[in-house]
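**Student:** Per the working numbering, residue 2 is the first one in the sequence shown, and the count goes up by one each step. C-beta atoms are modelled at their ideal positions from N, C-alpha and C, and glycine is treated no differently. A quick note: this is a predicted structure, and the numbers were derived from the prediction, not measured.
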Amino acid sequence: MKLKNLWIPALLLLLIGGIIKVCDTMFNVNGTGFVLSSTACNLTLAGCAVLLYIIGWCLSLADRNKTFKAEPTKNMLCGIFGFIAAVSLLGGGVVRLIADKNNLVESILAILAGLVLLYEACISFTGVNGMKKIPVAALIVPVWCCTRFIMLFIEYSKRSLMAVELFDIIALAFLVMFLFYQSMYFAAINNRLAIRKAAIYGTVFIMLELVVCADLIIKMAIGRQPMPNIDTQIVEPTMLNIVMIVGDLALCCYAFFFIREILKTADNNLTWPAEKNQDDLLLAELDEDIAAQETTGTETAAEENESEDKATDNSRDTSSA
C-alpha cells in the first residue's frame, strides 16, 4: 500500500513544525520577538497539517483499485499505550466529576470513553474483537472527543484572537475524525474506508499533538504557565498538565501503533482486482487443459482397446483356419 509511506512526509513536517513552535514559545513575547509572529507560526503549522492531509489523500487514491482488509490482531505495544491513555482518561473524568459539577455530561462521557478505550486495549492484548457484538459502544469515544472539542472551542472563543492556541483545537479536530473511523474499524463497518481514513487522520493528529505536547513541556521547563483550559481551571494546574501530557503522549503512541498494525495487516492481504481476474483466467485455462488431456487420454485408451480387440479377433480367425 502506498499509504504506509505517509510517515515520511509526516516526519519531515513534524520536524519543521516542532522547530517553529519551540522558537515561537521561547522567543516570542506577547506575539512578537521571533522572525514569525505567534499568529504566523500557528498559520504555518496549520498549513503543514493541511499539506500532510492532502499528501495522505493522494497516497490513498493510489490504492483505490486495490482490495484489502484488516482485522484486530495481537499488538502488545498498542495495548500498553491504549491502557495508559484509558487510565489517564478515566482519572481525568473522575477528577472533573468530583471537582466541577458544571461539566457533568463531559465528565460522564470521559469516564465511559475511558472504559471503552480500556476494552479496545484489551482487544489489542488478546486479538479477539468483541466490539462487533456491540458496535454502538464503539461510538462513545468519538462522541466524548467531539463534546470535548465543542467545549474547548467555546472556552477559547471567550478570549481574544491573539491569545487563542488554535493549534490545540486543530489537533483535537483531527483526533475526533481518527477516533470515529477507529470505532468503525472495531465495529467492522466498511473496513476498507475505515482503514484508509483512520490512517490519514491519525497521522495528522500524531504530528499536531506531538508539537502541542512539546510546546507544553517547553513552557513548563522555562517557567511560563501554559494557557489555562477547561481542565487546568479545576485542580492544581501543573500536576494536571503533567497528567494530560502523559495521557496525550500515550494516545499518540496508541494511534501510531494502531495505524502501523492495520496498514501492515491490510498490506499483507492486498490484492489487485485485475490480478485476481487474471489468476481466475489462468485457473480456468488450466482446468480446460486438464479436461482436454483427460479427453485425449480416454480416446487413446479406447483406440488401443479397439486395436487389441481386432488383433484378438484376427488371431482367432487364423487359429480356426
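1) Would DSSP call V212 helix, strand or coil?
2) Rounded to whole angstroms, what is the Cα-Cα separation between I218 and L105?
3) Under 9 Å, do T45 and G18 count as touching if we go by C-beta distance?
4) With DSSP as the reference, label T74 as helix, strand or coil.
5) Less than 8 Å between the CB atoms is what I'm expecting for V117 and A139, so what's the real figure, rounded?
6) Alpha helix (DSSP H) containing S108: first to last residue?
7) Between D329 and the rest of its own chain, which residues show a CB-CB distance below 7 Å, the 5 nearest in sequence each way excluded?
8) For a test of the three-state rule: what should DSSP assign to G131, helix, strand or coil?
9) Note down the Cα distance separating G92 from A114, rounded to an integer number of angstroms.
10) Taking DSSP as the reference, what is the three-state secondary structure of D64?
11) Please tell me whether L62 and V212 are closer than 9 Å, where the distance is taken between their beta carbons.
12) Tell me which residues share the same chain as N192 and place their Cβ nearer than 6 Å to its Cβ, disregarding the 5 neighbours each side in the sequence.
13) Among T266, M208 and N269, which one has its Cα closest to the Cα of A256?
14) Considering only their Cβ atoms, is the gap separating G128 from A251 smaller than 9 Å?
15) Excluding the 5 residues flanking A189 on each side, which residues of the same chain have their C-beta closer than 6 Å to its C-beta?
**Tutor:** Reading off the structure:
1) Against the sequence shown, residue 212 aligns to sequence position 211. V212 falls in the helix class under three-state DSSP.
2) Mapped onto the sequence shown, residue 218 falls at position 217. Mapped onto the sequence shown, residue 105 falls at position 104. Going from the Cα of I218 to the Cα of L105 covers about 29 Å.
3) By one-based count along the sequence shown, residue 45 stands at place 44. By one-based count along the sequence shown, residue 18 stands at place 17. For T45 and G18, yes; Cβs fall inside 9 Å.
4) Here residue 74 corresponds to residue number 73 of the sequence shown, with the count starting at 1. In this structure, T74 counts as coil in the three-state DSSP scheme.
5) By one-based count along the sequence shown, residue 117 stands at place 116. By one-based count along the sequence shown, residue 139 stands at place 138. At roughly 7 Å, the Cβ-Cβ gap stays under 8 Å, so V117 and A139 are in contact.
6) By one-based count along the sequence shown, residue 108 stands at place 107. Note, S108: alpha helix (DSSP H), L105 to T127.
7) The chain is shown from 2 up to 322; residue 329 falls before or after that span and cannot be answered.
8) For the purposes of this step, residue 131 is taken as the residue at position 130 of the sequence shown. G131 falls in the coil class under three-state DSSP.
9) Locating residue 92 in the sequence shown gives position 91, where the first residue counts as 1. Locating residue 114 in the sequence shown gives position 113, where the first residue counts as 1. C-alpha separation (whole angstroms): 11 Å.
10) Along the sequence shown, one-based indexing puts residue 64 at 63. DSSP places D64 outside both helix and strand once states are collapsed to three, so it counts as coil.
11) For the purposes of this step, residue 62 is taken as residue 61 along the sequence shown, with counting starting at 1. For the purposes of this step, residue 212 is taken as residue 211 along the sequence shown, with counting starting at 1. No, the pair does not count as a contact, with Cβ atoms beyond the cut-off.
12) The count along the sequence shown starts at 1 and reaches residue 192 at position 191. Taken in chain order, the residues that qualify are K70.
13) Position 255 of the sequence shown, counting from 1, holds the residue named residue 256. Here the closest residue by C-alpha is M208.
14) By 1-based counting over the sequence shown, the position of residue 251 is 250. By 1-based counting over the sequence shown, the position of residue 128 is 127. Remark: C-beta atoms of A251 and G128 do not approach each other more closely than 9 Å.
15) To locate residue 189, count along the sequence shown from 1; it is residue 188. Hits under 6 Å: K133.
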